Each structure stands twice: as C-alpha cells, then as structure tokens.
Amino acid sequence: MRAVRWITEGVTPRAAMLVAGVLALQLGFIASYLAAFHAPAPHHVEIAVAAPTPAAAEQAAARLNALPGDPVHATAVASEAVARARIDDRTAYGAVLVGTTGDQLVVASAAGAPVAEALIAVIGKVDQAAGRMLQVSDAKPLPPGDQRGLAGFYLIVGWVIGGYLVASALSVSLGARPATRQRATVRLTALAAYAVASGLGGAAITYGYVGGLPHHFLKLWALGTLVVFAVGAFTMALQVVSGIIGIGLAVLLFVILGNPSAGGAYPAPLLPAFWAAIGPWLPTGAGVSAFRGIIYFGGARIGLPLLVLAVYAIVGGAVTLYFAGHRPRLADEVDAL
Numbered sequence: 004m005r006a007v008r009w010i011t012e013g014v015t016p017r018a019a020m021l022v023a024g025v026l027a028l029q030l031g032f033i034a035s036y037l038a039a040f041h042a043p044a045p046h047h048v049e050i051a052v053a054a055p056t057p058a059a060a061e062q063a064a065a066r067l068n069a070l071p072g073d074p075v076h077a078t079a080v081a082s083e084a085v086a087r088a089r090i091d092d093r094t095a096y097g098a099v100l101v102g103t104t105g106d107q108l109v110v111a112s113a114a115g116a117p118v119a120e121a122l123i124a125v126i127g128k129v130d131q132a133a134g135r136m137l138q139v140s141d142a143k144p145l146p147p148g149d150q151r152g153l154a155g156f157y158l159i160v161g162w163v164i165g166g167y168l169v170a171s172a173l174s175v176s177l178g179a180r181p182a183t184r185q186r187a188t189v190r191l192t193a194l195a196a197y198a199v200a201s202g203l204g205g206a207a208i209t210y211g212y213v214g215g216l217p218h219h220f221l222k223l224w225a226l227g228t229l230v231v232f233a234v235g236a237f238t239m240a241l242q243v244v245s246g247i248i249g250i251g252l253a254v255l256l257f258v259i260l261g262n263p264s265a266g267g268a269y270p271a272p273l274l275p276a277f278w279a280a281i282g283p284w285l286p287t288g289a290g291v292s293a294f295r296g297i298i299y300f301g302g303a304r305i306g307l308p309l310l311v312l313a314v315y316a317i318v319g320g321a322v323t324l325y326f327a328g329h330r331p332r333l334a335d336e337v338d339a340l
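Below, the structure written as structure tokens:
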C-alpha cells in the first residue's frame with residue numbers, strides 16, 4: 004500500500020497521460036513501419052506498351068493486365084517515342100517495347116529503384132514463360148553516389164524533423180500559444196529564417212556527399228525552405244490549438260504516418276493501399292515526389308506536391324495567427340488535466 008501511495012502521489016494524472024501518449028506513439032511508430040514495409044509487392048504499376056502495330060500493342064497490354072495479382076497497369080501507346088515520353092513526364096514507371104522475337108523493357112530507377120526491380124522481375128518472368136528474350140535499359144539512372152535512390156528521402160525526412168523540432172523548441176521555450184498576433188508574427192518570421200538556413204544546409208550537405216547528382220542546387224534549396232516552413236508552421240498551429248498534445252500530433256502526422264507512406268524506401272505502387280493513398284497528401288511524401296521531379300525529371304509533375312506543401316504552410320501560419328491571443332477550448336481542457 005505504501006508503494007502504491009508513493010506512486011500515486013509522485014505521478015500526477017497529467018504525467019501518466021503524457022507517458023501513455025508517448026508509449027502509444029512509440030508503438031505506433033513500430034506498427035506503421037511494419038504495416039507498410041513487411042511485404043512490399045507491385046500493385047498496378049503504370050507502364051506503357053509500344054509495338055510495331057496498334058493491334059500488337061493492345062494485345063501485349065491486355066496480356067500484362069491479365070497477370071494474377073494485377074502487378075502492372077499497362078497502357079498501349081502509339082510509338083516508342085510516346086512510351087518514353089510517358090516515363091519522362093512521370094505518368095509511367097516503365098515501358099515495354101515489343102519486338103518480333105523479343106522485347107525491351109525501359110525502366111526509370113530515379114522514379115524508385117524498387118519499382119524498377121519489380122518491373123524487371125515481372126516482365127522477365129512473362130517473357131521467359133513465352134520463350135522471348137528481354138533486354139533492359141534505364142532511361143533515368145541514379146547517380147553513382149546514390150545507387151538506391153534514398154538520398155532524397157533522407158534529405159526530406161531531415162527537413163521534416165527540423166521543421167517540427169524547431170516549432171516544438173519555440174513552444175517549450177516561449178509557450179505553445181503566442182500572447183498576441185505580433186508575437187505570433189515574430190515566431191513565424193523566426194521559423195522562416197530557420198527554414199532558409201535549413202534548406203541551404205540540407206542542400207549543401209546532399210551535394211557534398213552524393214556524387215553525380217544533377218545540379219539543381221537553388222531549386223533544392225527552395226524546396227527545403229518550403230518543406231521546413233510548412234512542417235514548422237503546421238506544428239505551431241497544432242500546438243496553438245491543442246497545447247502540448249500538438250507535439251504528439253505532429254509526430255503522429257509527420258513521422259508515424261508520413262515516413263512509411265512517403266515513397267522513399269518503397270514507392271507507392273509497392274505499398275499497401277492505405278499507405279499509398281495518404282502519402283502524396285503529407286509533407287514527407289510531397290517532398291520526396293518534388294525532389295525526384297526537380298532533380299531527375301526536369302520539373303515534371305511537381306505542381307501538386309508543391310501545392311500540398313504550400314497548403315500546410317498557409318494553413319499553419321493562418322491558424323497560428325488567428326488563435327494568437329485566443330485560447331482554444333481544447334487547449335484549456337488539455338492544460339486542466
């Protein structure tokens with residue numbers, strides 16, 4: 004009884020709830036990675052199919068679309084040039100060029116090395132069963148310093164971590180809720196300056212370590228600035244609305260949900276449906292997609308990822324400014340625990 008009394012007197016309900024929340028986040032982190040990565044398999048990987056005649060292309064695409072488990076989604080196109088253009092504009096992960104006695108598979112490792120490997124395995128098995136030869140070429144190879152294509156993923160993760168950590172640090176040192184809009188503006192301005200420095204540092208480190216990376220330093224710096232500010236501003240908003248719980252919500256959103264679904268380790272066509280669906284709408288996934296588009300694909304299809312990041316930045320900043328000086332009911336209830 005004495006031990007129980009000592010525990011109950013020494014541990015407040017608020018502390019107990021915080022510890023329970025940390026445990027839930029920890030277990031959620033483990034569960035999220037295992038759920039997303041325990042059995043990666045191709046699902047509806049977009050590929051283009053070209054052949055000497057339209058009828059042959061349609062027949063080849065139909066055979067591929069009939070494969071058990073739907074590993075690919077093949078679309079017949081008019082020519083090899085069109086097939087390669089679909090890779091360049093990121094509407095296809097690869098292309099099958101049908102020949103008379105064999106086929107050529109064109110992959111794009113820069114769009115995701117695991118997807119390229121999966122396509123080689125799937126199409127190779129099909130051609131082997133049909134007694135046809137298969138040649139493989141890489142239209143978008145990865146640089147020597149990043150042969151698995153993970154540099155961009157780790158860079159974005161680092162920027163995301165920096166964004167919510169700096170917001171959390173400001174909250175711990177200055178309070179979760181700015182007392183006035185003027186103070187909120189100062190806090191957001193400090194975040195913007197931090198984001199510029201973080202974007203510069205991350206881009207410089209990446210180019211320093213990764214040999215052969217196509218040179219788009221200024222664009223990468225700008226991307227990093229946007230990622231850090233978007234995550235930081237949204238984390239500030241979560242803290243303003245929900246108090247200290249906002250830090251946990253940021254970890255849930257940006258780490259537990261954001262990292263496995265980002266398409267870095269395994270792109271979306273290899274992930275379970277839930278993770279593939281949420282990835283593009285979270286900052287990490289949007290950042291990874293924008294990185295690949297900027298560095299390897301000449302800016303193709305980066306509009307939506309940049310828009311997603313901009314929305315997080317705008318909403319985060321607006322909510323922070325709106326609630327500055329106003330105490331949300333949720334924050335009062337949390338602090339009263």
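Take 4 as the starting number for the sequence shown in the working numbering and just add one per residue.
Using N, Cα and C, we set each Cβ at its ideal position, and we do this for glycine too.
Every value quoted in this text rests on a predicted model; they were computed, and no experiment measured them.
Buried/exposed call for residue i, threshold 16 Cβ in 10 Å
i	result
TYR212	exposed
PRO57	exposed
GLN242	buried
ILE317	exposed
ASP92	exposed
ARG66	exposed
PRO55	exposed
VAL80	buried
TRP9	For TRP9, the predicted model reports a pLDDT of 49, less than 50, meaning its position is unreliable; a value from the coordinates is still stated below. Exposed, by the Cβ-count rule.
VAL175	exposed
VAL25	exposed
ALA63	buried
VAL311	buried
VAL22	exposed
PRO348	The displayed coordinates of the chain run from 4 to 340. Any statement about residue 348 would go beyond what the structure contains.
GLY134	exposed
PRO74	buried
ALA19	exposed
ALA86	buried
SER292	buried
ALA30	For the record, residue 30 in the displayed sequence is Leu; it is not Ala. It counts as exposed.
THR94	exposed
ALA132	exposed
LEU274	buried
GLY205	buried
PRO272	buried
Nearest residue (CA-CA) to residue i, options the options
i	options	result
TYR315	SER264, ALA303 and PHE257	PHE257
VAL53	GLY102, VAL311 and GLY152	Going by the sequence as given, residue 53 is Ala instead of Val. It is GLY102 whose Cα lies nearest to the Cα of ALA53.
ALA34	ALA240, ALA132 and ILE259	ILE259
LEU177	TYR210, GLU120 and MET239	MET239
LEU203	SER171, ILE159 and GLY215	ILE159
TRP284	TYR210, TYR96, PRO263 and LEU273	PRO263
LEU309	ALA289, ALA327, ALA303 and GLY155	ALA289
ALA172	PHE40, ALA236 and VAL75	ALA236
ALA88	ALA64, ALA51 and HIS46	ALA51
ARG357	GLY328, ILE247 and ALA271	Beyond the ends of the chain as shown, which are 4 and 340, falls residue 357; an answer cannot be given.
GLN138	PRO146, THR104, GLY155 and TYR157	THR104
LEU221	ALA207, VAL244 and ASP106	ALA207
PRO181	PHE32, ALA327 and MET20	ALA327
ALA154	GLY214, ALA132, LEU100 and TYR96	GLY214
LEU108	SER82, GLY261 and ALA142	ALA142
VAL244	ALA86, PHE32, HIS329 and PHE232	HIS329
GLU120	PHE294, MET136 and TYR269	TYR269
LEU145	HIS76, ALA200, LEU216 and PHE156	LEU216
Proximity test, residue i beta-carbon vs the ligand SAM heavy atom, cut-off 7 Å
i	result
VAL85	Judged by which ligands are present, the structure shown has none, so any question about the ligand SAM falls away.
Reduced DSSP category for residue i - H, G, I as helix; E, B as strand; rest coil
i	result
SER140	strand
THR228	helix
ILE50	strand
LEU274	coil
ARG184	helix
ALA339	Unreliable positioning characterises ALA339 in this predicted model, as indicated by a pLDDT of 49, which lies under 50. The coordinate reading is nonetheless provided below. Coil at ALA339, not helix or strand.
VAL110	strand
VAL80	coil
GLY97	strand
VAL213	coil
GLY24	helix
GLY105	strand
TRP9	Note on TRP9: pLDDT 49, under 50, position unreliable in the model; the coordinate value appears next. Of the three classes helix, strand and coil, the one that applies to TRP9 here is helix, per DSSP.
Chain B contact for residue i (CB, 8 Å cutoff)
i	result
PRO144	Judged by its chain identifiers, the structure shown contains no chain B, having just a single protein chain.
Inset, instruction - Mind the definition here: the stretch 275-285 touches the stretch 118-134 only if three or more C-beta pairs lie below 8 Å; say whether that holds. - result: no
Inset, instruction - Determine, using beta-carbon pairs with one atom in the stretch 289-303 and one in the stretch 108-121, whether at least three such pairs fall under 8 Å. - result: yes
Inset, instruction - Please specify which runs of the alpha helix (DSSP H), each continuous and at least 4 residues long, are wholly inside the stretch 281-321, giving them in chain order. - result: 286-299
Inset, instruction - Evaluate contact between the stretch 319-327 and the stretch 190-201, counting only Cβ atoms and requiring at least three cross-stretch pairs below 8 Å. - result: Flag = yes, the stretch 319-327 and the stretch 190-201 touch.
Legend entry - Cβ contact check for the stretch 163-174 and the stretch 147-155: 3 or more pairs under 8 Å: no
Legend entry - Within the stretch 114-180, ranges of the beta strand (DSSP E) (whole runs, at least 3 residues): 136-141
Legend entry - Runs of beta strand (DSSP E) wholly within the stretch 236-272 (minimum 3 residues, chain order): none
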